[in-house]
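A quick write-up on the structure given underneath.
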Amino acid sequence: MGVAIFGINVRKRMTFSTIILIISFIITAILAELDTSKWKGTFIILTIATVAFSSLFGTTVYLSSLHGLSSIFPKEYSQAVQIGQAVCGVFTAAVNVLSIIDVQQKMKQDRDDDQFCSESDEEFDHIKYDKSTIKRVMYITRKIWPILLALFLCYIVTHMVYPSITTRIFSIHKESHGPLTGRLFIPVACFLVYAIADLVGRIISGWILMPNYNQGLSLLFLAACRFILVPLFIYCNVQPRKHLSVKIHSDVVYIILILVLGLSQGYVKTLTTMYAPKLVHSRFKEATGAMVYFCITIAYIVSSLMAFGVSAIP
């Protein structure tokens, strides 16, 4: 957010972040080819440092710039960015499922099971564009706070349970040893179904604009309603569990909950990213897009911390 508001050229920001990502990918590829058995500790430190470096100076700067740039254009551009990210999620989940199937087939052929490891603009008249960053941020926040809060709550709910809780929910029929109730249950029922639902939610947000962009409180209420999903997931077949008993003995209900989680996440998130730039003066659209991404980043951090507590409840 800071780099967008302080006025660094968007082309320079995106070029810089792309170079950082390329360098990080090269380092990761090199480390993957090296024999690290004798320096595992150093390897872990280098890997974590590379991830942190690429996330901070690569992904964060690039996506912040991309959200800011798309915010300058009509809402369809913001939706396109969200759909593109969702398509990547579907592709990743599908590749994960296919790779597991391929590994299982090779395991059967080689009998090598032990080797496998899963895992309004009036206010603008009183604010000049060249005024301080703080005043600009306050102006934008005053205009879009319900949208930002709705986006924040949307991510909080999703990442409190996904994937920390959802990946611990096993099929009720696991003992049948079927392909979809065993090792493929979580990759398919959790990751793939969620990714597809998230994509569908982002797509339909371009057709169904309800609530409208000037109904921020209604959108905030819709995002807050998603909190009901948290206890519902907790009462599914989460394993291991110490404190609460399983109340939802159904794989179908679990898959429906994943569908609702993904659909509502994609729908609410895309609406917020499309609506926020419409509520501010055109000169502040890029900064608004960057603030939206900054809000997402903060929500990721907070929800990740909250996930530790939620994971201990079952």
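Each step along the sequence shown adds one to the number in the working numbering, with nothing skipped, and position 250 is 255.
Built from N, CA and C at the ideal position, the CB exists for glycine as well.
Taking its Cβ as the centre, do 16 or more other Cβ atoms sit within 10 Å of residue i, making it buried, or is it exposed?
i: residue 37; result: exposed
i: residue 254; result: exposed
i: residue 93; result: exposed
i: residue 147; result: exposed
i: residue 180; result: exposed
i: residue 96; result: exposed
i: residue 230; result: exposed
i: residue 287; result: exposed
i: residue 63; result: buried
i: residue 16; result: exposed
I'd like to know whether the C-beta atoms of residue i and residue j end up nearer to each other than 8 Å.
i: residue 69; j: residue 25; result: no
i: residue 191; j: residue 172; result: yes
i: residue 165; j: residue 251; result: no
i: residue 243; j: residue 319; result: yes
i: residue 155; j: residue 273; result: yes
i: residue 29; j: residue 55; result: yes
i: residue 240; j: residue 249; result: yes
i: residue 176; j: residue 275; result: no
i: residue 199; j: residue 89; result: no
i: residue 151; j: residue 214; result: no
DSSP three-state call for residue i: helix, strand or coil?
i: residue 174; result: strand
i: residue 251; result: coil
i: residue 285; result: coil
i: residue 123; result: Caution applies to residue 123, whose pLDDT of 40 falls short of 50 and renders its modelled position unreliable; the value that the coordinates give is listed next. Looking at residue 123 - three-state DSSP - the assignment turns out to be coil, as it is neither helix nor strand.
Along the chain, where does the alpha helix (DSSP H) containing residue i start, and where does it finish?
i: residue 236; result: 234-239
i: residue 195; result: Counting along the chain, residue 195 falls outside any alpha helix (DSSP H), and DSSP gives it neither H nor E.
i: residue 54; result: 45-59
i: residue 187; result: That residue, residue 187, is in no alpha helix (DSSP H); it is neither H nor E in DSSP.
i: residue 256; result: 256-280
i: residue 298; result: 290-316
Thinking C-alpha only, which one of the options is nearest residue i?
i: residue 307; options: 201, 241, 160 and 212; result: 160
i: residue 224; options: 260, 269 and 247; result: 269
i: residue 206; options: 263, 240 and 226; result: 263
i: residue 218; options: 149, 202, 177 and 163; result: 149
i: residue 280; options: 77, 19, 40 and 48; result: 77
i: residue 53; options: 32, 40 and 73; result: 32
i: residue 193; options: 216, 162 and 256; result: 256
i: residue 141; options: 45, 290 and 303; result: 290
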